[in-house]
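**Q** If you want the working numbering, it's the position in the sequence shown, counting the first as 1, plus 782. Heads up, the beta-carbon is just placed ideally off N, CA and C, and yes, glycines get one too. The structure displayed is predicted, hence computed values, not measured ones.
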Amino acid sequence: MIQINFKAIDWLPDEEVKIQAANKQMQALVSKLAEAPKYHTLTAKDRQQLVKEGYAHDLTDNLVFITQRVDEQTNQSDAIVVGFNYAAFDPSLFAGENITQHLKTINKGCCAYCESYLSATDAGQVAHYRPVELLEERSVGKNSTQSQQNRIATCSPYFDLAYEQSNLLYVCHACNTGYKGGLFPVQGSRYPQAAIADEQPLLVHPYRDNPREFIRFDPVSAKAYPFDKLAAFLQTTKTMTYSQAEHYIWAHPELLKNTPDFSQIAGFEPWFNSLAHEAQQKLQKGHATITTLGLNRPELVLLRLTGLTQLRMACKDIMSTLPEAFTEHELPVPSIAFRSLMVDAIQTWRKQLTDQVSSTLATKQSAPKTREEEQEPDVSVTSISPTTLAANIPYWLRASLRYCVEESQVANTEKRNLVLLSGKDKLYGQHNKQKCVFLPINWLRDQHRCIKVQSPRNIWETSFSELAHSRPLELCHLFAQNHVWVEGPFTALKAS
């Protein structure tokens, strides 16, 4: 991950008009529903009234107003959620040809997160740094490991950043959809409890941050590691400056042999545990970014190792042309991918070469093997496997599906109604109903459960996997015309 020199471009006149109108109407709709009562939803009549008042069909049909319950064991977490589903946002604006080409150009066709080169196969996509349709937070059970984490989904409060250019990034599918999804970890309060300018994101922003202050790479294993945490440890325990710490790491790559786990470094765990909670949180940005984006996924690590092989072949000529201090933007390397890794590799190799030149021949002959010679690169991965987080369910669908439990059904453990958060949904959007509460889907528990669909003629079965391979319009029709539920068993809920 490297810092990208971002500059906004001018929207076309018609684009600017559409964006201003969309933002104004979205903000007005959310404000309008701020004082609406709990456990109620918008009916078709409500949405028609909003259209009469001048709001766009695309916004009113995809306006989400629900009471969501996060903890199935209690109703204390019940809270009104207002936002928009995927269909409210116009990809012809935030991912149109002009803006896509601009975002691709400023990072030389590479993923803004993992630095993979995407232009050759046109494999990139425009995505949002702060998610605008779906906000997911990790939830860990009492005895859960990190790979067993479920994601709790809710509507994103960042909907009005959908067309903000500084919130748009050119990224790969794996980083954005397979890993990040709707995750956006923050330290402290989240918007709207805190102003956007006061939020403290734990996800590195390649426009506003210098990513190399938080994430660097082991030149042997090609794995990413949280540089912010290791540098702080060295600065404190060895009384080093920031510059001395980075040079120390380049000179001692053995520190990184268990990357990104530093527990094997003498004194690291006692030092970190001695820090105040707030100080520990401030050192989590590098680690949180690596985990959230899956920057140590095996296939990506293998690709970086290939890049290191190419770099070694050209290393002699490259090192002779570079000054002692250089940035990732000054590398005359054979590939434009993985430039941050290449800085760390060249600086490490340069120090090793200097040590060899200053040593005597006898010393070199008796010297122990270097880490590169004695250790095959380990490409095992410590980041979360996306399959355990239902990454096979498209992002837009995860944002749109919820359980809807009506007041008369809270004790029902045999099934739960499944709805698409659209004004066209038969249960959620079309008629008056009882008070109801909505629950996010527990993908770890439920992704393989049987789904039943009741049409006017018969009842048939489907699955989340089958829904995931359906087109959005097909699913809108399915939920508009049929009663859909998921087979249990489920836990009985407490009444509202």
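Going by beta carbon distance, what residues of the same chain come within less than 8 Å of LYS1064, once the five residues before and after it are set aside?
**A** GLN969
**Q** Is the stretch 870 to 884 touching the stretch 938 to 948, taking contact as three or more C-beta pairs under 8 Å?
**A** Under the Cβ criterion (8 Å, minimum of three pairs), the stretch 870 to 884 counts as touching the stretch 938 to 948.
**Q** Count the other CB atoms within 10 Å of the CB of ASN1055; is the residue buried (16 or more) or exposed (fewer)?
**A** exposed
**Q** Could you tell me the alpha carbon to alpha carbon distance between GLU797 and LEU824, rounded to whole angstroms?
**A** 30 Å
**Q** With contact counted as at least three CB pairs below 8 Å, one residue from each stretch, are the stretch 972 to 985 and the stretch 877 to 890 in contact?
**A** no
**Q** Take the Cβ of ASP1126 as the centre, count every other Cβ of all protein chains shown within 10 Å, and call the residue buried at 16 or more, exposed below.
**A** Its Cβ being crowded by 16 or more others within 10 Å, ASP1126 is buried.
**Q** Does the stretch 1073 to 1090 come within contact of the stretch 1014 to 1029, defined as at least 3 CB pairs closer than 8 Å?
**A** No, they do not touch.
**Q** Quick one: Cα of LEU1209 to Cα of HIS1230, how far?
**A** 23 Å
**Q** With a threshold of 6 Å on Cβ separation, who are the neighbours of GLN855 within its own chain once the five nearest residues in sequence on each side are excluded?
**A** none
**Q** So, is ILE1072 buried or exposed, given that buried needs 16 or more other C-beta atoms within 10 angstroms?
**A** buried
**Q** In the DSSP assignment, the beta strand (DSSP E) including CYS1258 goes from what residue to what residue?
**A** No beta strand (DSSP E) contains CYS1258, which is instead part of the alpha helix (DSSP H) from 1254 to 1263.
**Q** Does the beta-carbon of ALA861 have 16 or more other beta-carbons within 10 angstroms, so that it is buried, or is it exposed?
**A** By the neighbour-count definition (other C-beta atoms within 10 Å, threshold 16), ALA861 is an exposed residue.
**Q** Using a Cβ-Cβ cutoff of less than 7 Å, which residues in the same chain neighbour GLN809 once the five nearest sequence positions on both sides are dropped?
**A** ASP942
**Q** Report the start-end ranges of each alpha helix (DSSP H) in the stretch 1001 to 1053 that is 4 residues or longer and not cut off at the edges.
**A** 1009 to 1019, 1024 to 1033
**Q** How would you write the range of the beta strand (DSSP E) that PHE866 sits in, first residue to last?
**A** 861 to 866
**Q** Which same chain residues, not among the five before or five after GLN947, have their C-beta less than 6 Å away from its C-beta?
**A** Excluding sequence neighbours, GLN947 sits near ALA790.
**Q** Starting from ALA810 and walking both ways along the alpha helix (DSSP H), at which residues does that stretch end?
**A** In the DSSP assignment, ALA810 falls within the alpha helix (DSSP H) that extends over 795 to 814.
**Q** Within its chain, find whatever has a CB closer than 6 Å to the CB of THR1296; leave out the 5 residues flanking it on each side and keep chain order.
**A** No information on residue 1296 is available, as it lies outside the stretch 783 to 1278 that the chain covers here.
**Q** Please check the pair ARG1198 and ILE848, which I expect to be a contact at CB under 8 Å, by giving their CB distance rounded to whole angstroms.
**A** Not a contact, Cβ separation roughly 14 Å.
**Q** Let me confirm a value: GLU918 is counted as buried when at least 16 other C-beta atoms fall within 10 Å, else exposed. Which label applies?
**A** buried
**Q** For the alpha helix (DSSP H) that contains GLY1068, what are its first and last residues?
**A** 1067 to 1075
**Q** Can you grab the Cα-Cα spacing for the pair ILE934 / SER1247, in whole Å?
**A** Computed Cα separation, rounded: 19 Å.
**Q** Identify every residue that forms a DSSP beta bridge with GLY906.
**A** CYS954
**Q** Would you list the one or two residues that DSSP bridges to LYS1197?
**A** Partner(s): GLU1269.
**Q** With a floor of 4 residues, list each alpha helix (DSSP H) that falls wholly inside the stretch 821 to 902, ordered by position along the chain.
**A** 826 to 834, 839 to 842, 873 to 876, 879 to 888
**Q** Who are the Cβ neighbours of ALA1006 in its own chain at under 6 Å, not counting the five residues just before and after it?
**A** Around ALA1006: ILE997, PHE999, ILE1072, LEU1077, ASN1078.
**Q** How about the stretch 1199 to 1207 and the stretch 947 to 958: do they share at least three Cβ pairs that are nearer than 8 Å?
**A** no
**Q** Helix, strand or coil for PRO819? Go by DSSP, reduced to three states.
**A** Residue state, collapsed to three classes: coil.
**Q** Is ILE1166 helix, strand or coil by DSSP?
**A** Per-residue confidence for ILE1166 stands at a pLDDT of 44, beneath the threshold of 50, marking its modelled position as unreliable; no derived number is given.
**Q** Between which two residues does the beta strand (DSSP E) holding ARG998 run?
**A** Residues 997 to 999.
**Q** From LYS1342 to LYS1276, what distance separates their C-alpha atoms?
**A** For the chain, the structure presents residues 783 to 1278; residue 1342 sits outside this window and is missing.
**Q** Mapping the DSSP letters down to three states, classify LEU1143 as helix, strand or coil.
**A** With a pLDDT of 42 at LEU1143, under the threshold of 50, the predicted position of this residue should be treated as unreliable, and no value is reported.
**Q** Which residues mark the beginning and the end of the alpha helix (DSSP H) in which LYS1064 is found?
**A** For LYS1064, the enclosing alpha helix (DSSP H) starts and ends at 1059 to 1064.
**Q** Taking only three categories from DSSP, how would you classify GLN785?
**A** coil
**Q** Quick one, which of ALA816, VAL1002, ASN1040 has its alpha-carbon nearest PRO974's?
**A** ALA816
**Q** Can the beta-carbon of CYS1232 be found less than 8 Å from the beta-carbon of GLU1189?
**A** No, the Cβ-Cβ distance between CYS1232 and GLU1189 is not below 8 Å.
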